[in-house]
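So the sequence shown is numbered by the working numbering: it starts at 33 and just counts up by one. Don't be surprised by glycine CBs; every beta carbon is placed ideally from N, CA and C. Here is the structure we will look at, set down as structure tokens.
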Amino acid sequence: MTNAETRQQAGEIFAQLAEAIETGSFGAGTTVALTTLGSELGVEELVRGAEMAVAQNPGLEVVLVGPRADTSLPIVESACEADSHKLIEKMLAEGKVDATVTLHYNFPLGVSTVGRVMTPARGKPMLLATTTGTTATDRVEAMVLNTIGGIAVAKAMGINNPRVGILNVEGARQVERILHTLNQQGYAINFTESVRKDGGCVLRGNDLLTGSADIVVCDTLTGNLLIKMFSAFTSGGTYETMGWGYGPGVGANFDKIINIISRASGAPVIANAIQYAASCSQGNLPKLAAAEYQAARKAGLDDLIKKATAKEAPTEISPPAKKPVTEDITGIDILELEDAVRSLWAKEIYAETGMGCAGPVIMIAPEDKENSMTILKEKGYL
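Set out below in structure tokens:
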């Protein structure tokens, strides 16, 4: 590059910076449609949230879809939620808007939303993958796919190497094994460490409060509960004051940016949700998501899920003679705990199930622990 070209490039960069400082935005404006029907707080609350978003982000345009309202924002009139959803889908398809924010939207199977909350202990944003919708009917499969969707959203938001943690719910250990295998086979995942002494990427409640991960992987029902708690705990539950809403729907073949808010979302959350949708558009979320799912499949995603979700009838095995069990083995998923114990019984090792402070455990005699660990690893339970 010549000196003249370098000076020209520098001049362009400084011009962009000057514009950003003056207007508060980079590049071309983004247009987001917001449907205003369906809230428990009334149309006026959603309109106020839209006006807040525009005031905070010069260059951001918001189009309201719903009944007439006292506002200077443009309105596409609609009298019911079903018609509003048809209108935003049409506006997205025709390129009239870049993204949308709505309520009560029915995503197809395979698509669920990645929410965003503010962690109270550190004041750090954190993604919850996922919060509404159904990625898959099997919990383990869904959580694995939720991880990929969460990574795509994080990258769309400018987090290029997000820290991933798995919430300690049923299926977490199976999900952990699949994700570690994917990582070893070429799909890069940056696993976080729990703030608790035992560490690891399987997270406890403390980690949710401290934001020890950029992405917390969970099943949708748990994610839905968590985002309600994070959003409304300061208000007694009837008015969501914090966070960015339930987030955009993400799936391997989903090419729209449709962000979801709750019926209890207040104007601050609505304003944030609009900004979140705009950021996902600027980050080209659908393209990123497609690339992430493709990369994971290249690393063996489909085979790993097929193996993990294959159901076999449990074999009837009688336990060996009972003896004192004073040692425990951790790291077994609760969904596999009974099968893991039976695998030890089949080798004439007496074992019992139990529950420790960090999750399910297998209780074993001290003299059997080393052999039991070897068997459980060979069987894929550890």
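Check                                                                                                                              : Outcome
Any 3 or more C-beta pairs closer than 8 angstroms across the stretch 79-87 and the stretch 292-311                                : yes
As assigned by DSSP and simplified to three states, the class of Ser71                                                             : coil
Residues near Met274 in its chain [Cβ-Cβ closer than 6 angstroms; skip 5 each side]                                                : Met150, Ser263
Bounding residues of the beta strand (DSSP E) (the contiguous stretch that carries Thr145)                                         : 143-150
Cβ pair count under 8 angstroms reaching 3, the stretch 68-76 against the stretch 106-120                                          : yes
Own chain partners of Val94 with C-beta closer than 7 angstroms, once the 5 adjacent residues on each side are dropped             : Val64, Leu66, Ala82, Ala85, Val86, Leu105, Ile306
Whole alpha helix (DSSP H) elements within the stretch 88-167, 4-residue minimum                                                   : 113-125
Reference Glu72, options Glu272, Asn200, Leu253, closest by Cα                                                                     : Glu272
Nearest-angstrom Cβ-Cβ length linking Arg205 and Asp365, presumed shorter than 8 angstroms                                         : 3 angstroms
Beta-carbon separation (whole angstroms), Ala383 vs Pro356, contact threshold 8 angstroms                                          : The pair is not a contact, with the Cβ atoms about 12 angstroms apart (cut-off 8 angstroms).
Cβ contact check for the stretch 236-249 and the stretch 124-140: 3 or more pairs under 8 angstroms                                : no
C-beta contact flag for Tyr10 and Ala323 at 7 angstroms                                                                            : Any question about residue 10 goes unanswered here, given that the chain covers just 33 to 414.
Buried versus exposed call for Phe139 [16 or more other C-beta atoms within 10 Å across all chains shown]                          : buried
Pro99 to Ile107 span [Cα, whole Å]                                                                                                 : 8 angstroms
Ile198 - containing alpha helix (DSSP H), residue span                                                                             : Taken as a continuous stretch (DSSP letters only), Ile198 belongs to no alpha helix (DSSP H), being part of the beta strand (DSSP E) at 195-199.
Pick from Ile221, Asn222, Gly237 that is closest to Arg228, judged by C-alpha positions                                            : Gly237
Of the listed residues Ser311, Ser297, Gly298, Thr254, nearest to Pro280 (C-alpha basis)                                           : Ser311
For Ile306, three-class secondary structure by DSSP                                                                                : helix
Limits of the beta strand (DSSP E) - the one that Asn291 falls within                                                              : 290-292
Cut-off 6 angstroms between Cβ atoms - residues of its own chain near Phe286, not counting five sequence neighbours on either side : Val143
8 angstroms contact criterion, which Leu258 and Ala245 should meet: CB distance rounded                                            : With a Cβ gap of about 13 angstroms, Leu258 and Ala245 do not count as contacting.
Continuous beta strand (DSSP E) assignments of at least 3 residues falling wholly in the stretch 364-411                           : 383-388, 391-396
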